[in-house]
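Residue numbers (the UniProt record's numbering), protein chains in the order written: chain F, 1 to 600; chain R, 1 to 600.
Take a look at the structure set out below.
Protein chains: 2
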Amino acid sequence: MAFYRAPLTDMRFVLNEVLEAPMMWAAMPATAEFGAELADAILEEGARVTEAELFPLNQTGDAEGCHLKDGEVSTPAGFKAACKTLAEGGWLGLGGNPDYDGQGLPKMLTVAFEEMLYATNASFALYPALNNGATLLLDQYAPDPIKQIYLPPMHRGEWLGTMCLTEPHCGTDLGLIKTRAEPLADDRYAITGSKIWITGGEHDMVDNIVHLVLAKLPDAPAGSRGISVFLVPKFKVNADGTLGERNALSCGGLEHKMGIKGSATCVMNFDGAEGILIGEPHQGLATMFTMMNYERLSIGIQGLGLGEVAYQSAMDFARERLQSRAPSVPAAPDKPADPILVHPDVRRMALNTRAWNEGGRAFAAFVGSQLDCVKFHPDAAAREQAADLVALLTPIAKAFLTDRGFAATVEAQQLYGGNGYCVEWGAEQYVRDARIAMIYEGTNGIQAMDLVGRKLFRNRGAYVERFAAVMRADLASEASDTLAPFQRACEQELARLEAVTAALLERADGHPEELGAAAHDYLQLFGHVTYAWMWWKMARAAEHGLRQDGPAGAAFYQAKLSVGRHFIARMLPHTLALEQQIHAGAEPLMALDEAAFYPD
Amino acid sequence: MAFYRAPLTDMRFVLNEVLEAPMMWAAMPATAEFGAELADAILEEGARVTEAELFPLNQTGDAEGCHLKDGEVSTPAGFKAACKTLAEGGWLGLGGNPDYDGQGLPKMLTVAFEEMLYATNASFALYPALNNGATLLLDQYAPDPIKQIYLPPMHRGEWLGTMCLTEPHCGTDLGLIKTRAEPLADDRYAITGSKIWITGGEHDMVDNIVHLVLAKLPDAPAGSRGISVFLVPKFKVNADGTLGERNALSCGGLEHKMGIKGSATCVMNFDGAEGILIGEPHQGLATMFTMMNYERLSIGIQGLGLGEVAYQSAMDFARERLQSRAPSVPAAPDKPADPILVHPDVRRMALNTRAWNEGGRAFAAFVGSQLDCVKFHPDAAAREQAADLVALLTPIAKAFLTDRGFAATVEAQQLYGGNGYCVEWGAEQYVRDARIAMIYEGTNGIQAMDLVGRKLFRNRGAYVERFAAVMRADLASEASDTLAPFQRACEQELARLEAVTAALLERADGHPEELGAAAHDYLQLFGHVTYAWMWWKMARAAEHGLRQDGPAGAAFYQAKLSVGRHFIARMLPHTLALEQQIHAGAEPLMALDEAAFYPD
């Protein structure tokens with residue numbers, strides 16, 4: 001009774017009409033082959049494969065979960081076969097370096113495909129999401145012989161990668177890790193320690209699992225400046241790429257979780273397992289950030305995908321559900337009651353969900369476009385500007401997309417009434433599956449600290465100024481009657497953001513607790529401003545499409561403008577509260593004695 | 001690893017110092033016996049019994065769930081024995097009429113005990129919650145011989161009651177029910193139909209189950225004006241109160257739900273089951289509202305109780321958890337990291353949770369005080385004023401307490417990082433258990449419609465005027481430096497509410513969709529204003545306690561003022577957004593064609 005069709009019309013609209021991806025690709029030699037037609041064929045086939053292979057396994061996978069027996073982890077029925085099908089279609093190495101059997105797709109396209117993955121099966125989607133981040137890290141930091149051995153089978157989805165960071169006593173504070181690496185002969189290391197919450201740490205879907213493990217060398221400085229990254233495969237790999245003996249690592253347990261039950265969340269024990277140092281010694285945190293930043297956007301897209309499937313499923317339910325009469329005139333007088341969408345409050349929930357989803361889709365694609373620019377653009381200045389925007393927007397993408405994605409699943413669940421709480425409709429699974437996205441990959445609080453600390457305070461607002469300049473340049477061009485409300489809202493909200501930023505920078509000088517106190521609300525404010533901008537872009541493209549009889553069709557453009565107006569009128573005002581809360585500063589938070597928080 | 005101790009100090013503070021319950025009880029003959037000392041003894045014993053008997057069954061009950069076999073429903077291990085223990089202690093008939101073996105406690109006390117029930121075991125709490133509403137209805141509407149037979153065993157917890165309203169095609173819109181009642185001899189009726197989502201419809205804890213069932217008589221008018229209430233016992237009851245043969249009703253299935261898994265949510269099939277008409281024919285909806293209003297406040301308290309246990313458990317976790325260093329100076333330089341409460345953003349989450357809980361506790365007790373006034377006050381004008389406030393505040397209590405309770409469980413879960421997502425810590429269960437409270441007993445959207453429709457528009461704002469007069473009279477008395485910010489906030493927010501109310505009433509004339517469009521945000525605004533008022537009351541009592549060396553102690557009063565300041569500075573500003581959203585009106589919601597909502 002869950003319902004999903006990949007929102008291809010909206011994806012095409014965002015890519016081709018809002019962000020003009022084909023024009024951008026054409027301007028960069030490395031992406032010149034990707035025209036609208038090829039992109040479209042990829043998205044259509046991506047929709048087909050995820051809808052056919054993954055969506056049917058979503059509820060069954062949740063019910064069955066993963067199981068550990070004699071050290072082996074079994075994934076839910078159908079996962080292994082689906083993994084093979086997707087791997088053979090090249091879908092698991094979509095953004096990978098083509099020199100090593102990757103598909104080399106622009107990020108703007110892989111973002112759209114990732115949304116389909118998460119929407120159809122968030123548990124499954126995590127295995128390739130980790131793999132993609134791992135290959136990205138190896139592509140950037142591993143020496144060529146290692147790349148030659150490891151990257152092709154990982155890009156082909158025959159092996160999958162993991163990220164082993166957390167230990168029982170430290171998640172956020174990785175400087176505290178205890179896992180150690182002892183040098184062996186031949187540039188090899190013996191890795192010993194225990195890692196927890198390792199997604200896909202052990203499972204039955206592929207021939208080998210490639211762990212990227214944070215550990216400390218014997219001479220490591222204390223804290224986070226003493227961490228290194230090691231590649232530690234489940235099966236040792238011979239020089240010719242064939243598999244050797246089992247490495248000294250094992251799965252010590254599976255977590256029982258609220259959701260994403262088809263994703264194997266493992267305790268991984270490394271007992272002198274052989275590994276290879278990747279990147280510079282003690283620079284592991286910086287090295288790992290290549291992977292972490294990848295995962296942060298990916299997890300943001302988890303929120304988006306789940307918000308989308310939650311919306312579609314709820315609307316599919318609403319299609320048939322009749323309760324009570326419309327406020328003025330019955331809409332279906334021949335039926336015992338009207339469809340629930342006659343009720344303004346039901347529409348409010350539906351429009352909230354939809355406005356977050358559509359704003360989020362544009363935002364994720366926009367971040368993708370900047371990542372493509374960083375990677376492929378021939379002009380250094382363009383690359384630098386894009387890199388600044390990516391640095392600034394990554395924590396927002398992770399936290400805001402997942403906060404809004406979770407809110408969307410909760411709002412969608414509410415649309416069902418009591419059915420939303422019952423397992424068979426699927427709505428409650430989306431809520432459970434979305435909840436983790438606000439927690440892992442750096443909690444959303446950590447993202448907010450990253451935003452106000454590294455991305456704002458450290459450069460005294462330089463990234464924000466850059467963002468404001470780009471946004472303002474985008475706004476200046478036009479303002480028809482239709483677009484004026486979007487333009488005004490953007491100008492007003494950007495001015496608010498700038499004023500809040502300036503005040504915060506001043507207040508935080510010598511008072512670092514002011515950054516932490518403002519962090520969450522500042523990220524929320526920034527997210528709202530960014531979405532307002534995305535809605536401006538979409539409104540502009542929709543108006544253009546209406547005038548030019550664009551490919552998405554008049555009804556689509558009208559609906560887009562209508563949802564956008566709802567966003568401006570009934571969701572964006574939240575910034576008024578955020579502004580005031582940020583100005584309240586740290587004092588109300590810090591006044592209470594620590595002891596007074598704890599229960600007796 | 002979950003942690004709960006009934007917040008007795010805060011409960012005493014609210015009862016004795018904020019609402020001055022003992023003085024109120026002394027002024028009413030029926031409650032004159034309840035002094036502070038007796039009330040305290042009851043709360044202490046209530047805390048002991050719920051902590052000892054129910055809390056240990058909460059996680060195990062979630063894991064085990066209820067099971068249906070051969071028509072019999074088994075509750076989780078320990079539930080039956082706990083039910084017996086609580087019944088024997090008189091805890092299951094706490095507010096019941098003492099003429100029929102009830103304990104006759106004031107509502108202000110039963111509200112506090114209900115919070116403990118829901119906090120320690122929300123699944124278990126629902127069985128007595130339904131029973132209490134059922135006995136209230138019977139006490140008001142059943143003829144005396146029926147009361148003599150049914151009420152004593154129900155008050156003693158030997159039998160338990162249920163509420164059978166929903167059918168598969170109708171939850172909100174009860175006018176659509178199909179269950180029918182055919183007259184038999186001796187004022188009996190044969191009830192035939194199928195009901196769903198019946199909490200405690202069948203289980204193994206007690207000897208008999210007393211269903212209150214909505215059904216239609218043969219001559220019933222169409223719609224909600226043709227519904228009647230019938231008492232339909234699982235076992236027929238002889239005139240002497242002994243149990244006769246099994247009635248023609250059975251459990252046809254159990255729902256698989258997101259949470260409250262220890263609560264048996266039953267499909268109940270009535271196959272010509274014998275029942276007794278309760279109240280007037282065709283007046284069943286009005287009759288049932290006695291029970292529904294009881295349940296609405298009770299479900300609000302579910303949100304509160306779960307918010308409280310979620311907060312306490314999270315803080316118990318925080319006590320031991322060390323991650324990263326404080327922004328300025330390390331708080332625990334001798335340890336590898338600082339306690340997480342040094343971080344402003346962690347405090348933000350903790351204070352949000354706590355401010356909702358403490359505001360909610362005062363609010364629930366305040367509604368309880370008005371219910372006591374309605375029931376016991378000797379003066380008719382006082383009863384009438386209290387009745388108006390109860391009518392106005394009941395939908396707010398149900399919806400706002402459950403919205404905030406759910407938000408509190410989500411915020412508390414976030415405090416754990418990844419541990420919050422893992423089952424063994426218990427945090428995720430609170431989220432799942434709290435989610436239903438926004439849905440059942442009339443969705444929170446329905447509560448909002450009740451507020452703007454029946455409680456606002458129908459009397460042209462008369463209840464709101466009354467509320468404003470009472471609140472303003474309460475404010476006028478004093479404004480020390482400490483209290484001035486609370487006073488100012490209340491004045492400002494009350495003025496905002498009045499202005500929004502006036503504008504809405506005007507806009508809604510002839511445009512009923514304006515009510516629905518404003519409903520959710522109006523209820524949220526009203527909830528914020530009400531909590532601001534409660535925080536004013538608490539701040540006043542805390543200041544008084546500080547001056548007079550009050551019983552809760554200086555640290556408690558200081559903390560109370562501190563949490564209150566956080567509420568005013570960092571949570572109340574949400575009203576700015578709500579005001580603007582309400583003024584946006586219905587147009588942005590109603591513009592989009594219904595068909596445009598549905599996925600392709």
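The beta carbon of each residue, even a glycine, is placed where N, CA and C say it ideally should be.
At 4 residues or longer, what runs of the alpha helix (DSSP H) sit wholly inside the stretch 417-443 of chain R? For the stretch 417-443 of chain R, whole alpha helix (DSSP H) runs of length 4 or above, ordered along the chain, are 427-435.
9 Å is my cut-off, CB to CB: does residue 457 of chain F come that close to chain R? Looking up residue 457 of chain F in the first sequence gives position 457. For residue 457 of chain F, the closest Cβ of chain R is not nearer than 9 Å.
Span separating the alpha-carbon of residue 550 of chain R from that of residue 9 of chain R: As a first step, residue 550 of chain R must be located in the second sequence, where it is residue number 550. As a first step, residue 9 of chain R must be located in the second sequence, where it is residue number 9. In this structure, the straight-line span from the alpha carbon of residue 550 of chain R to that of residue 9 of chain R is close to 12 Å.
What ranges does the alpha helix (DSSP H) occupy inside the stretch 43-83 of chain F, keeping only unbroken runs of at least 4 residues that lie completely in it? Taking only runs of at least 4 residues, the alpha helix (DSSP H) segments lying wholly in the stretch 43-83 of chain F are 58-64.
Of the choices R:112, R:50, R:37, whose alpha-carbon is the least far from that of residue 358 of chain R? Reading the second sequence from its first residue, position 358 is the one you call residue 358 of chain R. When each option's Cα is compared against that of residue 358 of chain R, the closest is R:112.
Would residue 228 of chain F be called buried (16 or more neighbouring beta carbons within 10 Å of its own) or exposed? On the first sequence, residue 228 of chain F is found 228 positions in, with the first residue counted as 1. The residue in question, residue 228 of chain F, is buried, as its Cβ has 16 or more Cβ neighbours within 10 Å.
Taking the continuous beta strand (DSSP E) assigned at residue 231 of chain F, which residues delimit it? Your numbering for residue 231 of chain F matches position 231 in the first sequence. Per DSSP, the continuous beta strand (DSSP E) segment holding residue 231 of chain F begins and ends at 228-233.
Same chain, Cβ closer than 7 Å to residue 435 of chain F, five either side skipped, listed in chain order: As a first step, residue 435 of chain F must be located in the first sequence, where it is residue number 435. The answer, listed in chain order, is 258, 259, 406.
Closer than 8 Å by beta-carbon distance: list the chain F residues that pair up with residue 166 of chain R, in chain order. Looking up residue 166 of chain R in the second sequence gives position 166. For residue 166 of chain R, the C-beta contacts it makes with chain F under 8 Å involve 418, in order along the chain.
Shortest alpha-carbon distance to residue 182 of chain R belongs to which of R:277, R:574, R:212, R:471? One-based indexing of the second sequence puts residue 182 of chain R at position 182. The shortest C-alpha separation from residue 182 of chain R is found at R:277.
Hey, residue 261 of chain R and residue 123 of chain R: beta-carbon distance below 9 Å or not? Reading the second sequence from its first residue, position 261 is the one you call residue 261 of chain R. Reading the second sequence from its first residue, position 123 is the one you call residue 123 of chain R. In this structure, residue 261 of chain R places its C-beta atom within 9 Å of the C-beta atom of residue 123 of chain R.
Which class does residue 33 of chain R belong to by DSSP, given the choice of helix, strand or coil? The sequence position of residue 33 of chain R within the second sequence is 33, counting from 1. Note: residue 33 of chain R maps to coil in three-state DSSP.
Under the three-state reduction of DSSP, which class applies to residue 487 of chain R: helix, strand or coil? For the purposes of this step, residue 487 of chain R is taken as the residue at position 487 of the second sequence. Judged by DSSP in its simplified three-state form, residue 487 of chain R adopts helix.
Please confirm if residue 157 of chain F has its CB atom under 9 Å from at least one CB of chain R. The residue you call residue 157 of chain F lines up with position 157 of the first sequence. No, no contact with chain R.
Please say whether residue 230 of chain F and residue 191 of chain F have beta carbons closer to each other than 9 Å? Here residue 191 of chain F is taken as the residue at index 191 of the first sequence, counted from 1. Here residue 230 of chain F is taken as the residue at index 230 of the first sequence, counted from 1. Result yes, Cβ atoms of residue 191 of chain F and residue 230 of chain F sit closer than 9 Å.
State the beta-bridge partners of residue 90 of chain F as determined by DSSP. Residue 90 of chain F sits at position 90 when you count from the first residue of the first sequence. Beta-bridge pairing by DSSP links residue 90 of chain F to no other residue.
Classify residue 335 of chain R as helix, strand or coil using the three-state DSSP reduction. For the purposes of this step, residue 335 of chain R is taken as the residue at position 335 of the second sequence. Three-state result, residue 335 of chain R: coil.
Residue 210 of chain F and residue 161 of chain F look like a contact to me (Cβ under 8 Å); what is the Cβ gap, rounded to whole Å? The sequence position of residue 210 of chain F within the first sequence is 210, counting from 1. The sequence position of residue 161 of chain F within the first sequence is 161, counting from 1. The distance from the Cβ of residue 210 of chain F to that of residue 161 of chain F is about 5 Å, consistent with a contact at the 8 Å cut-off.
Roughly how many angstroms lie between the CA atoms of residue 316 of chain R and residue 44 of chain F, to the nearest whole one? Here residue 316 of chain R corresponds to residue number 316 of the second sequence, with the count starting at 1. Here residue 44 of chain F corresponds to residue number 44 of the first sequence, with the count starting at 1. One C-alpha to the other measures close to 50 Å.
Within 10 angstroms of the Cβ of residue 298 of chain F, are there 16 or more other Cβ atoms? Answer buried if so, exposed if not. Residue numbering aside, residue 298 of chain F sits at position 298 when the first sequence is read from its first letter. When all chains shown are included, residue 298 of chain F counts as buried.
What does residue 176 of chain F touch in chain R if you count any residue whose Cβ is under 7 Å from its own? For the purposes of this step, residue 176 of chain F is identified with residue 176 of the first sequence, where counting begins at 1. Going along chain R in sequence order, the residues near residue 176 of chain F (Cβ under 7 Å) are 336, 337.
Flag residue 424 of chain R as yes if its beta-carbon sits less than 9 Å from any beta-carbon of chain F, otherwise no. Indexing the second sequence from 1 puts residue 424 of chain R at position 424. Yes - at least one Cβ of chain F is within 9 Å of the one on residue 424 of chain R.
Given a threshold of 16 other Cβ atoms within 10 Å of its Cβ, counted over all protein chains shown, does residue 41 of chain F qualify as buried or as exposed? Within the first sequence, the letter at position 41 stands for residue 41 of chain F. Its Cβ having fewer than 16 others within 10 Å, residue 41 of chain F is exposed.
Which whole-angstrom value is the C-beta distance of residue 17 of chain R and residue 541 of chain R, which I expect to be below 8 Å? Within the second sequence, residue 17 of chain R is the residue found at index 17, counting from 1. Within the second sequence, residue 541 of chain R is the residue found at index 541, counting from 1. That pair is a contact at about 4 Å.
Decide if residue 520 of chain F is buried, meaning its Cβ has at least 16 other Cβ atoms within 10 Å, or exposed. Numbered from its first residue, the first sequence carries residue 520 of chain F at position 520. Taking all protein chains in view, the Cβ of residue 520 of chain F is crowded by 16 or more other Cβ atoms within 10 Å, so the residue is classified as buried.
Can you give me the Cβ contacts of residue 323 of chain R inside the same chain, cut-off strictly under 7 Å, excluding the 5 residues immediately before and after it? The sequence position of residue 323 of chain R within the second sequence is 323, counting from 1. Counting only Cβ-Cβ distances below 7 Å, and skipping sequence neighbours, we find 337, 340.
Go ahead and label residue 225 of chain F buried or exposed: buried means 16 or more other beta carbons lie within 10 angstroms of its beta carbon, across all protein chains shown. Looking up residue 225 of chain F in the first sequence gives position 225. Taking every protein chain shown into account, the CB of residue 225 of chain F has fewer than 16 other CB atoms within 10 angstroms, so this residue is exposed.
Would you say residue 67 of chain R faces chain F, with C-beta separation under 9 Å as the test? For the purposes of this step, residue 67 of chain R is taken as the residue at position 67 of the second sequence. Not one chain F Cβ lies under 9 Å of residue 67 of chain R.
Please indicate yes or no: does the CB of residue 357 of chain R lie closer than 8 Å to some heavy atom of the ligand MG? The ligand MG is not part of this structure, which contains no ligands at all.
On the CB-based measure, 16 or more other CB atoms within 10 Å of its CB, does residue 368 of chain R come out buried or exposed? Indexing the second sequence from 1 puts residue 368 of chain R at position 368. By the neighbour-count criterion, in which a residue is buried when 16 or more other Cβ atoms sit within 10 angstroms of its Cβ, residue 368 of chain R is buried.
Taking the straight line between their C-alpha atoms, what separation do you get for residue 176 of chain R and residue 333 of chain F? In the second sequence, counting from the first residue as 1, residue 176 of chain R sits at position 176. In the first sequence, counting from the first residue as 1, residue 333 of chain F sits at position 333. Rounded to whole angstroms, residue 176 of chain R to residue 333 of chain F spans 14 Å at the Cα level.
Give me the Cα-Cα distance between residue 335 of chain R and residue 446 of chain F, rounded to the nearest whole angstrom. Against the second sequence, residue 335 of chain R aligns to sequence position 335. Against the first sequence, residue 446 of chain F aligns to sequence position 446. The alpha-carbon atoms of residue 335 of chain R and residue 446 of chain F are separated by roughly 21 Å.
What's the gap between the Cα of residue 626 of chain F and the Cα of residue 363 of chain F? Coverage of chain F is limited to positions 1 through 600, which leaves residue 626 of chain F absent and any answer about it impossible.
Provide the residue span of the alpha helix (DSSP H) that contains residue 292 of chain R, from first to last. The count along the second sequence starts at 1 and reaches residue 292 of chain R at position 292. Run containing residue 292 of chain R: 284-320, per the alpha helix (DSSP H) assignment.
C-alpha gap between residue 33 of chain R and residue 483 of chain R, whole angstroms: Locating residue 33 of chain R in the second sequence gives position 33, where the first residue counts as 1. Locating residue 483 of chain R in the second sequence gives position 483, where the first residue counts as 1. So the two alpha carbons sit approximately 34 Å from each other.
Report the partner residues of residue 210 of chain F according to the DSSP bridge assignment. Taking the first sequence and counting its residues from 1, the one referred to as residue 210 of chain F is at position 210. Beta bridge pairing from DSSP links residue 210 of chain F with F:161, F:233.
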